[in-house]
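Enquirer: Chains A and B, in that order, are what the protein sequence lines are. Per my numbering, the very first residue in the first sequence carries number 5; after that it's consecutive. Per my numbering, the very first residue in the second sequence carries number 5; after that it's consecutive.
Protein chains: 2
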Amino acid sequence: MDKRKQAKLKKKGWKVGTVADFLDLSTEESAYIEMKLALSEKLKARRIRQKLTQKQLAKAIESSQSRVAKMEAGDPTVSIDLLVKGLLALGVSKKELGRTIS
Amino acid sequence: MDKRKQAKLKKKGWKVGTVADFLDLSTEESAYIEMKLALSEKLKARRIRQKLTQKQLAKAIESSQSRVAKMEAGDPTVSIDLLVKGLLALGVSKKELGRTIS
DNA sequence: TCAGTATATGTCAGAATTGACATACTGTGA
DNA sequence: TCACAGTATGTCAATTCTGACATATACTGA
């Protein structure tokens, strides 16, 4: 990961800490965050492709507009579980999910 | 999904309810559960392949033996997040994770 | 400019998940 | 049989995640 990515993550609210801490991000931690971001982006792309508003998607998954916004923003309080549920609700297949996180 | 699967899920503690309820399991709900079970099985297979006890794996992911047991059992109180973290800790790549859930 | 719609951000009480513990079960070598 | 290692199951307080709400910001058309 490069500095650009670090800045991106910091901006999104992830606790990155010092540069030293950042460099200590283990492979697993990086992979985990990358997976979440990939799911976030996929969710947003899918929603837009299907011409739905955040509000409409929220209703479909029994959540709220604000939480959908956080899901798409890669907010650290959003779980992979929720992202997966959202994507499945948008009709994304397991196969496509698998491709997304890879 | 067939009756065999229903029984399997019930046995594992998922609230399946009546047969009618069961039949109402939406495509998304089924996919979600199937993904979790696939991750569970992968975790167990990986741990055993690497000749680790549940206790050892627990220490590696800063959890407990009992929770690892629940992870492998497909317990409904276990999140996808935790399963993913466990698999990443075992050295599974994003690519392999993707293949697992597909 | 301004109203209307969509999205973003901050907060919080309630719900779900967590690690830890106790304890039960299972297999296995002596 | 028995002790022991590994795993399973039940419980619970603490932590984390959640939907909901208020409010801010961004964009668009009139």
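Even for Gly, the Cβ is constructed at its ideal location relative to N, Cα and C.
(1) Is it buried or exposed for Leu53 of chain B, if we count other Cβ within 10 angstroms and need 16 for buried?
(2) Inspect the CB distances between the segment 38 to 46 of chain B and the segment 35 to 54 of chain A and report whether three or more fall short of 8 Å.
(3) Alpha carbon to alpha carbon, how far is Val82 of chain B from Lys55 of chain A?
(4) Quick check: what's the CA-CA separation for Thr104 of chain B versus Glu100 of chain A?
(5) Establish whether the CB of Leu27 of chain B and some CB of chain A are separated by less than 7 Å.
(6) Out of curiosity, what's the CA-to-CA distance linking Leu179 of chain B and Tyr36 of chain A?
(7) Given a cut-off of 7 Å, decide if Ile84 of chain B and Asp79 of chain A are closer than it, judged by their beta-carbon atoms.
(8) May I ask you to report which of helix, strand or coil DSSP gives Ser34 of chain B?
(9) Using the C-alpha atoms, what's the distance from Glu76 of chain A back to Ala49 of chain A?
(10) Going along chain A in order, which residues have a C-beta closer than 9 Å to the C-beta of Gly78 of chain B?
(11) What's the C-alpha gap between Ser67 of chain B and Ser34 of chain B?
(12) On the criterion of 16 or more Cβ atoms from any shown chain inside 10 Å, does Ala93 of chain B qualify as buried, or is it exposed?
(13) Counting only Cβ pairs nearer than 8 Å, list the residues of chain B close to Val88 of chain A.
(14) Please report how far the alpha carbon of Lys74 of chain B lies from the alpha carbon of Lys40 of chain B, in whole angstroms.
(15) Chain B partners of Ala93 of chain A, CB-CB under 7 Å?
(16) Taking 7 Å as the CB-CB cut-off, is Lys74 of chain B touching chain A?
(17) Taking just the CA atoms, how far does Leu87 of chain B sit from Gly95 of chain A?
(18) Give the straight-line distance between the Cα atoms of Ile65 of chain A and Gly90 of chain B, rounded to the nearest whole angstrom.
(19) If you measure between the beta carbons of Lys59 of chain A and Ser106 of chain B, is that distance less than 7 Å?
(20) Does DSSP classify Leu27 of chain B as helix, strand or coil?
Expert: Concretely, from the data shown:
(1) Residue numbering aside, residue 53 of chain B sits at position 49 when the second sequence is read from its first letter. First, the amino acid is wrong: residue 53 of chain B is Arg here, not Leu. It is exposed - the Cβ of Arg53 of chain B has fewer than 16 other Cβ atoms within 10 Å.
(2) no
(3) For the purposes of this step, residue 82 of chain B is taken as residue 78 along the second sequence, with counting starting at 1. For the purposes of this step, residue 55 of chain A is taken as residue 51 along the first sequence, with counting starting at 1. Distance between the alpha carbons of Val82 of chain B and Lys55 of chain A is about 33 Å.
(4) The residue given as residue 104 of chain B occupies position 100 in the second sequence. The residue given as residue 100 of chain A occupies position 96 in the first sequence. Going from the Cα of Thr104 of chain B to the Cα of Glu100 of chain A covers about 12 Å.
(5) Within the second sequence, numbered from 1, the residue matching residue 27 of chain B stands at position 23. For Leu27 of chain B, the predicted structure reports a pLDDT of 46, less than 50, and the residue's modelled location is therefore unreliable. The matter cannot be settled from this model.
(6) Residue 179 of chain B falls outside the range modelled here, since chain B spans only 5 to 106, and no answer is possible.
(7) Position 75 of the first sequence, counted from the start, is the residue given in the question as residue 79 of chain A. Position 80 of the second sequence, counted from the start, is the residue given in the question as residue 84 of chain B. No, the pair does not count as a contact, with Cβ atoms beyond the cut-off.
(8) Translated into the one-based positions of the second sequence, residue 34 of chain B becomes position 30. Looking at Ser34 of chain B - three-state DSSP - the assignment turns out to be helix.
(9) Taking the first residue of the first sequence as 1, we reach residue 49 of chain A at position 45. Taking the first residue of the first sequence as 1, we reach residue 76 of chain A at position 72. Using only the alpha carbons, I get a separation of about 9 Å.
(10) For the purposes of this step, residue 78 of chain B is identified with residue 74 of the second sequence, where counting begins at 1. Near Gly78 of chain B there are no residues of chain A at all, since even the closest Cβ is about 14 Å away, more than 9 Å.
(11) The residue given as residue 67 of chain B occupies position 63 in the second sequence. The residue given as residue 34 of chain B occupies position 30 in the second sequence. Between Ser67 of chain B and Ser34 of chain B, the C-alpha separation is close to 28 Å.
(12) Counting from one through the second sequence, the residue named residue 93 of chain B turns up at place 89. Looking at its Cβ environment, which holds 16 or more other Cβ atoms inside 10 Å, Ala93 of chain B is buried.
(13) By one-based count along the first sequence, residue 88 of chain A stands at place 84. Residues of chain B passing the Cβ test: Tyr36, Met39 and Ile84.
(14) Position 70 of the second sequence holds residue 74 of chain B. Position 36 of the second sequence holds residue 40 of chain B. In a straight line, the C-alpha of Lys74 of chain B is about 12 Å away from that of Lys40 of chain B.
(15) For the purposes of this step, residue 93 of chain A is taken as residue 89 along the first sequence, with counting starting at 1. In chain order: Glu32.
(16) Translated into the one-based positions of the second sequence, residue 74 of chain B becomes position 70. Judged by the 7 Å Cβ criterion, Lys74 of chain B is not in contact with chain A.
(17) Against the first sequence, residue 95 of chain A aligns to sequence position 91. Against the second sequence, residue 87 of chain B aligns to sequence position 83. Going by the C-alpha atoms only, they are around 23 Å apart.
(18) On the first sequence, residue 65 of chain A is found 61 positions in, with the first residue counted as 1. On the second sequence, residue 90 of chain B is found 86 positions in, with the first residue counted as 1. Those two C-alpha atoms are separated by around 27 Å.
(19) Your numbering for residue 59 of chain A matches position 55 in the first sequence. Your numbering for residue 106 of chain B matches position 102 in the second sequence. In this structure, Ser106 of chain B does not lie closer than 7 Å to Lys59 of chain A by Cβ.
(20) Counting from one through the second sequence, the residue named residue 27 of chain B turns up at place 23. Residue placement at Leu27 of chain B is poorly supported in this model, since its pLDDT is 46, which falls under 50; the coordinates are not used for a value here.
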